[in-house]
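Read the structure below first, then the notes.
Residue numbers (this note's numbering): 278 to 513.
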């Protein structure tokens, strides 16, 4: 998928730098590179733009004022030479705020934030479709293919090259990666930690830091919190 971008900055060098950086990243299309917000208005009206790189301090119309007045707002990464505008930028729900001179590692980090949000949005949208609930899965254990009813799984734990599948009355240990195994499961099963997947139907309580399945407490990893809360089972 290609994300359409517009760059708005009154400095030629600043626009050229962002163009160079974006050219090194796959999946991004520069629709326009504009010297001011007025010039960019028509581009935004005529095209569906996914990501805007917007300088704040520009003549005629400040970037923040321009963005506030957009009806169909794309995601935005603000760029500026002044740190004092950071609060204004984040008040407008910016993906990030880059202070010039912008180095590639910092630029890359901001773009990854955008991609992370897009992936979460696409996953959430996909989950609104009619879900399919699978009944069982076969796993290789002790030279046999063992049938496991998915309804009976409480959670899965990863330990090095193995995973442990915890059921109410039994435990299965198989050689498999947790990421690959997750792909075999249906929508009920949520990755909440690099080492844990839980069956959302079995969760009895949760906080922002852990999930409880009966008396068992399972930690939520920092990189998985947003996905957990956004999951349809746990929306506030």
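Glycine included, C-beta positions come from ideal geometry on N, C-alpha and C. This structure is a prediction, so every number in the text was calculated from the model and none was measured.
- prompt: Among 322, 296 and 458, which one has its Cα closest to the Cα of residue 472?
  reply: 458
Assigned exposure category for residue 332 - 16 Cβ within 10 Å defines buried: buried
- prompt: Roughly how many angstroms lie between the CA atoms of residue 404 and residue 391, to the nearest whole one?
  reply: Because residue 404 sits at a pLDDT of 49, beneath the cut-off of 50, its placement in the model cannot be relied upon, and the following sentence gives the value as read from the coordinates. Distance between the alpha carbons of residue 404 and residue 391: 20 angstroms.
Backbone CA spacing between residue 355 and residue 431 [nearest angstrom]: 44 angstroms
message: Taking DSSP's pairing of strands, which residues face residue 376 in a bridge?
response: 357
query: Just the Cα atoms here: how many angstroms apart are residue 469 and residue 502?
result: 7 angstroms
query: Hey, how far is the Cα of residue 311 from the Cα of residue 348?
result: 19 angstroms
- request: Give a yes or no on contact between the segment 412-424 and the segment 380-391, applying the rule of three or more CB pairs nearer than 8 angstroms.
  value: no
task: Kindly indicate which residue of 326, 295 and 293 has the alpha-carbon position closest to the one of residue 279.
output: 326
Residue 435 versus residue 450: straight-line alpha-carbon distance, rounded: 10 angstroms
Boundaries of the alpha helix (DSSP H) in which residue 292 is found, first to last residue: 289-300
- request: Could you check which residue in 346, 337, 339 and 444 has the C-alpha nearest to that of residue 478?
  value: 444
message: Quick check on DSSP: helix, strand or coil for residue 500?
response: helix
- request: Pull up the CB-CB distance for residue 285 and residue 317, whole angstroms please, since I reckon it's below 8 angstroms.
  value: 5 angstroms
query: Do residue 306 and residue 281 have their C-beta atoms within less than 8 angstroms of each other?
result: yes
query: To the nearest angstrom, how far is it from the Cα of residue 486 to the Cα of residue 474?
result: 15 angstroms
query: Does the Cβ-Cβ distance between residue 322 and residue 337 come in under 8 angstroms?
result: no
- request: Give a yes or no on whether the C-beta atoms belonging to residue 372 and residue 353 are separated by under 8 angstroms.
  value: yes
Complete runs of the alpha helix (DSSP H) confined to the segment 439-487 [at least 4 residues]: 455-460
message: Only counting the same chain, and skipping five residues up and downstream in sequence, which positions put a Cβ closer than 7 angstroms to that of residue 335?
response: 287, 313 and 314
- prompt: Does the distance from the CB of residue 467 to the CB of residue 415 come in under 8 angstroms?
  reply: no
- request: Determine the extent of the alpha helix (DSSP H) in which residue 412 is found, giving its start and end residues.
  value: Per DSSP, residue 412 belongs to no alpha helix (DSSP H) and is neither H nor E.
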